[in-house]
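See below for the structure under consideration.
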Amino acid sequence: LLHVIETLDLPFDELEDFYQRLHDRAQVEMDQMADPLSVSGVTVIQRVSYGNRLREILAHAEENSVDLIVMSSRRLEISEAPTGFATLSHQVAILSQVPVLLVKETRISRDFAACRRKISRMCTAKCLSPGATLCGIFH
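Be aware that the sequence shown starts at 76, since it is given in the numbering used here, and climbs by one per residue.
Okay, structure coming up:
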């Protein structure tokens with residue numbers, strides 16, 4: 076699992092406490108996502124990195140020979156369509172050199188429970204080739 080904390084254009088040490096709080100919160104969320112996968116026998120490696128989210132995700136996928144990127148993708152109404160180059164998940168899907176699975180969040184909550192269940196079912200149903208490297212992005 077990968078979580079990238081977008082850094083601001085200020086010296087890192089000036090915001091170190093702020094970044095640490097974000098890191099701690101991300102770690103709790105990743106632990107919750109990893110637990111059902113670990114119970115299913117899937118090896119889960121967790122990493123928090125800092126920088127530009129798009130660049131960090133794409134670099135992580137390349138450096139770790141990832142076979143599939145799995146990301147949540149929030150539901151958008153037509154009236155909310157982004158005017159720029161889409162959302163982060165869509166940017167990753169367009170620019171990634173490996174397949175990307177976008178899992179839509181539910182309208183009820185953003186707790187990633189549905190995403191965790193879908194990923195867990197996919198892994199336990201052996202939909203992936205043995206030894207495939209999966210990169211789940213928590214954002």
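By construction, the Cβ of each residue, glycine as well, lies at the ideal position given by its N, Cα and C atoms. Model, not experiment: these values are computed from the prediction.
Proximity of residue i and residue j at Cβ, strictly below 8 angstroms
| i | j | result |
| --- | --- | --- |
| residue 129 | residue 166 | yes |
| residue 173 | residue 134 | no |
| residue 178 | residue 145 | yes |
| residue 148 | residue 124 | no |
Cβ shell of residue i (< 8 angstroms), same chain only, five flanking positions each side left out
| i | result |
| --- | --- |
| residue 83 | 90 |
| residue 101 | 78, 80, 123, 213 |
| residue 87 | 94, 125 |
| residue 98 | 80, 123 |
Cβ separation of residue i and residue j, assumed to be a contact under 8 angstroms, to the nearest whole Å
| i | j | result |
| --- | --- | --- |
| residue 122 | residue 77 | 5 angstroms |
Residue i - partner residues in DSSP beta bridges
| i | result |
| --- | --- |
| residue 123 | 78 |
| residue 148 | 179 |
Contact set for residue i: own chain, Cβ-Cβ below 7 angstroms, skip 5 residues either direction
| i | result |
| --- | --- |
| residue 119 | 76, 109, 112, 113 |
| residue 105 | 76, 78, 121, 213 |
| residue 168 | 175, 177 |
Same chain, Cβ closer than 6 angstroms to residue i, neighbours up to 5 away in sequence not counted
| i | result |
| --- | --- |
| residue 131 | 79, 124 |
| residue 103 | none |
Residue of the options minimising C-alpha distance to residue i
| i | options | result |
| --- | --- | --- |
| residue 171 | 154, 140, 152, 153 | 140 |
C-beta neighbour in chain D for residue i, strict 8 angstroms
| i | result |
| --- | --- |
| residue 163 | This model lacks chain D altogether, as it is built from one protein chain only. |
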